[in-house]
Ligand code: CMP
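Numbering (my numbering), first residue to last: 25 to 170.
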C-alpha cells in the first residue's frame, strides 16, 4: 500500500478511489474492491473489447487512455478513472463498439457477478454509472445534431 504523499506509485485502491463512480465508497470498501478486481495490462494499440463479441466484464481504466471505435469512427476517448463495458453488462447484448488502448494501459476488470454482488448494496455506484451514461448519450445526441 502506498503511503500518501510518499511519492510512491498509487495503489489499486487509490486509483479506484479516483474514479467518479466509486467516489462514495469508503477506504475500506475500496480496499476490498481492489482485492476483487483483476488488473490487466494492455499494450499501445491493443484491443480491450471487440465490437460484436459477448462480454461478461466491466472495465475501469486505471492508467493510460483508450478510444471507443465503431469501424473507422471514433465515438469517444476515455482516460484514467473512466469505465466502459457497462452496456453489455447491463443488457447482455454483444459489445457495441471496440475499445482500443491508445498507449500502454491498465484496467481494473470486474466480472458481471462480481459487479452485481458489489453494486446491489451500493446504489450510489449504480446512480453514478447512470449519470455517466446519460452524459454520453447527450454527447452522442449533440454530435448527431451538429
Ligand atoms: P459495451 O457495449 O459493453 O462495449 C463497448 C463499450 O464502449 C460500451 O459498452 C460502452 O462502455 C462504450 N461506448 C459505446 N458507445 C459509446 C459512446 N458513444 N461514448 C462513450 N462510450 C461508449
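Every residue, glycine too, gets a C-beta built ideally from N, C-alpha and C. Since the structure is predicted, the reported quantities are computational estimates derived from the model, not experimental observations.
query, result
"Local Cβ density within 10 Å of residue 33, reported as buried at 16 or more and exposed below that", "exposed"
"Sequence-ordered residues whose beta carbon comes within less than 6 Å of a heavy atom of the ligand CMP", "73, 79, 92, 99, 100, 108, 109, 110, 111, 112, 119, 120, 121, 123, 160, 164"
"DSSP-derived helix/strand/coil call for residue 25", "Residue confidence for residue 25 is low, a pLDDT of 49 falling below 50, so the modelled location carries little weight; the figure read from the coordinates is stated next. Three-state result, residue 25: coil."
"Candidates 61, 79, 95, of which the one nearest residue 86 by Cα", "61"
"Option nearest residue 80 by Cα separation, candidates 136, 167, 147", "136"
"Exposure of residue 50, with buried meaning 16 or more beta-carbon neighbours within 10 Å", "exposed"
"Residue 97 versus residue 37: straight-line alpha-carbon distance, rounded", "34 Å"
"Exposure of residue 109, with buried meaning 16 or more beta-carbon neighbours within 10 Å", "buried"
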